[in-house]
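Chemist:
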Amino acid sequence: MSEAMSTPAVINKAEPALVECGGLGIRDFDIDATAAHIHRGYHRVALQFPDAMLSVAPRVLEALQNALSSAPLALNTDAATSKEVCGNIADLFVLADTSFDGFQVDYVAAQHLDADLIV
Numbered sequence: 024m025s026e027a028m029s030t031p032a033v034i035n036k037a038e039p040a041l042v043e044c045g046g047l048g049i050r051d052f053d054i055d056a057t058a059a060h061i062h063r064g065y066h067r068v069a070l071q072f073p074d075a076m077l078s079v080a081p082r083v084l085e086a087l088q089n090a091l092s093s094a095p096l097a098l099n100t101d102a103a104t105s106k107e108v109c110g111n112i113a114d115l116f117v118l119a120d121t122s123f124d125g126f127q128v129d130y131v132a133a134q135h136l137d138a139d140l141i142v
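Take 24 as the starting number for the sequence shown in my numbering and just add one per residue.
(1) For L118, which residues does DSSP report across the bridge?
(2) Just to confirm, is the Cβ distance from V128 to I141 under 8 Å?
(3) Does the beta-carbon of I49 have 16 or more other beta-carbons within 10 angstroms, so that it is buried, or is it exposed?
(4) If the criterion is Cβ atoms closer than 8 Å, does the pair A69 and A113 meet it?
(5) With a threshold of 16 other CB atoms inside 10 Å of the CB of F126, please say whether the residue is buried or exposed.
(6) How is A2 classed by DSSP in three states: helix, strand or coil?
(7) Mind checking A56: buried by the 16 CB within 10 Å criterion, or exposed?
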């Protein structure tokens, strides 16, 4: 019997106006807050970008990896596990499939990759 896949959590949903303005840089992403959120106990994190923003994905991925490796560690508040996150950097990956309209969260791709968070 196979286990049912759970739906990953989602943070930082993009607004259409941000994507349409073009010329996005790494400063336009809240890397530190996202890293702090991941440190709350997420282990497999899918980064989803609309098609127009895929060109910045490698820089965001690298900046987020750097922030995760240098951010202070947080206590996992999940009562079921209640353990400190001890220096293990989460697995990060970019979902680069073309999405329906650029703003639909791709839960199916994230579930296939066993993500527990979509950014």
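Using N, Cα and C, we set each Cβ at its ideal position, and we do this for glycine too.
Keep in mind it's a predicted model, so treat the numbers as computed, not measured.
Modeler: In short, the structure shows the following:
(1) Beta-bridge annotation (DSSP): L118 is paired with Q71.
(2) yes
(3) exposed
(4) no
(5) exposed
(6) It is not possible to answer for residue 2, since the shown part of the chain is limited to 24 through 142.
(7) exposed
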